[in-house]
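In what follows, a single structure is set out as structure tokens and then discussed.
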Amino acid sequence: GYARSDAALDVKIANLGKVDYIAVALAKGNTQLLDAVNGSLIRMYKNKFFQKMFERDINPYYGGKIDKKHFSLDEVYSLF
423 GYARSDAALD VKIANLGKVD YIAVALAKGN TQLLDAVNGS LIRMYKNKFF QKMFERDINP
483 YYGGKIDKKH FSLDEVYSLF
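Residue numbers (the working numbering): 423 to 502.
Have a look at this one:
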């Protein structure tokens, strides 16, 4: 955050641990919940939620040094 936004400061630690990803888990065969989750994710994508979140929260924190593709998944959601 702040250290990366102040050019007078030098950040020596690139990260504080391993990269972790978050996923949604559903009971096998629960197609109603699967459809609801997928529908919500697609609506969020179409409303540019992920793009806005990246620009507002993620990119400033990492000082523009992180690839947007790891957060937006444009190539996945654009299929819908």
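Just so you know, even glycine gets a beta-carbon here, dropped at the ideal spot from N, CA and C.
key: From Asn460, Asn452 and Phe471, residue whose alpha carbon lies closest to that of Ala445   = Within the sequence shown, numbered from 1, the residue matching residue 445 stands at position 23. Ala445 has its Cα closest to that of Asn460, out of Asn460, Asn452 and Phe471.
For Leu463 and Leu455, believed in contact at Cβ under 8 Å, the rounded distance = By 1-based counting over the sequence shown, the position of residue 455 is 33. By 1-based counting over the sequence shown, the position of residue 463 is 41. Wrong, their Cβ atoms sit about 13 Å apart, outside the cutoff.
message = Measuring only the C-alpha atoms, how far is Gly439 from Phe471?
response = Stepping through the sequence shown from its first residue, residue 439 is reached at position 17. Stepping through the sequence shown from its first residue, residue 471 is reached at position 49. So the two alpha carbons sit approximately 27 Å from each other.
key: Residues of its chain near Lys490, where Cβ-Cβ distance is below 6 Å and the 5 sequence neighbours each way are ignored   = For the purposes of this step, residue 490 is taken as residue 68 along the sequence shown, with counting starting at 1. Cβ neighbours of Lys490 beyond the five flanking positions: Phe476.
ask   = Cβ of Asn481 versus every heavy atom of the ligand FMN: is any distance shorter than 7 Å?
value = No copy of the ligand FMN occurs in the structure displayed, which carries no ligand at all.
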